[in-house]
Amino acid sequence: MKSIKVTDVGSLKNELNKYKKGKKLDIRYFNQAARLAWLGKITMSPLDAEDETCQSWLLHVQPPEGFTAHFIDVDEDLINEIHVLDAEQGKYLAEIMRAGLSARAEELEQLNRRDFYFGKFFQTEGDTPASGEPSSGS
Numbered sequence: 631m632k633s634i635k636v637t638d639v640g641s642l643k644n645e646l647n648k649y650k651k652g653k654k655l656d657i658r659y660f661n662q663a664a665r666l667a668w669l670g671k672i673t674m675s676p677l678d679a680e681d682e683t684c685q686s687w688l689l690h691v692q693p694p695e696g697f698t699a700h701f702i703d704v705d706e707d708l709i710n711e712i713h714v715l716d717a718e719q720g721k722y723l724a725e726i727m728r729a730g731l732s733a734r735a736e737e738l739e740q741l742n743r744r745d746f747y748f749g750k751f752f753q754t755e756g757d758t759p760a761s762g763e764p765s766s767g768s
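Residues 631 to 768, numbered by our numbering, are exactly what the sequence shown covers, in order.
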């Protein structure tokens, strides 16, 4: 962790201004964070909600779990730490998170409406089963 001498007010203000501007993640980290944002595995908060001039974001990235962890590669440096993002990347990650949430919600709604039984066992001539493969017909 970085330490700042409290006795030098000028350097303290300079350090605070650096944090208020935020920092860009490099491309590799941003892509990893974006994948996890799409999955809903990030938490974001404004750096200073009371300061209208501060557009930076606090970002916490959670590690993927279960089935997802087998497919999504994430560097250890990115997860379980709090990062200070600049306004541009923070805004874009928020958009990605919203898009992922909407896409997953739509998939779940479609799944909830899908009728697997009738789609498989009660087909009319020319219909194909839900899997897309022709049935063997019994």
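In this text, a Cβ means the ideal position worked out from N, Cα and C, and glycines have one as well. For clarity, every value in this text was computed on a predicted model and none was experimentally measured.
Unbroken beta strand (DSSP E) run spanning I702, endpoints: Here I702 belongs to no beta strand (DSSP E), and DSSP marks it neither H nor E.
Range covered by the alpha helix (DSSP H) that runs through L677: First-last for L677: undefined, no H or E at that position.
Name the DSSP bridge partner or partners of I672? V691
How is I709 classed by DSSP in three states: helix, strand or coil? coil
Under three-state DSSP, which class holds K653? strand
Is the distance from the Cβ of V714 to the Cβ of S686 below 8 Å? yes
Given L708 as reference, the closest of H700, L677, K721, P694 once Cα atoms are compared: P694
Rounded straight-line distance, which links the Cα of A663 to that of G640: 34 Å
For K671, count the other beta carbons within 10 Å of its own beta carbon; 16 or more makes it buried, fewer makes it exposed. Which is it? buried
Report, in whole angstroms, the separation of the C-beta atoms of Q692 and L666, which I expect to be a contact under 8 Å. 7 Å
Whole angstroms is fine: what's the gap from Q753's alpha carbon to N742's? 20 Å
For K721 and L731, what's the separation of their Cα atoms in angstroms? 16 Å
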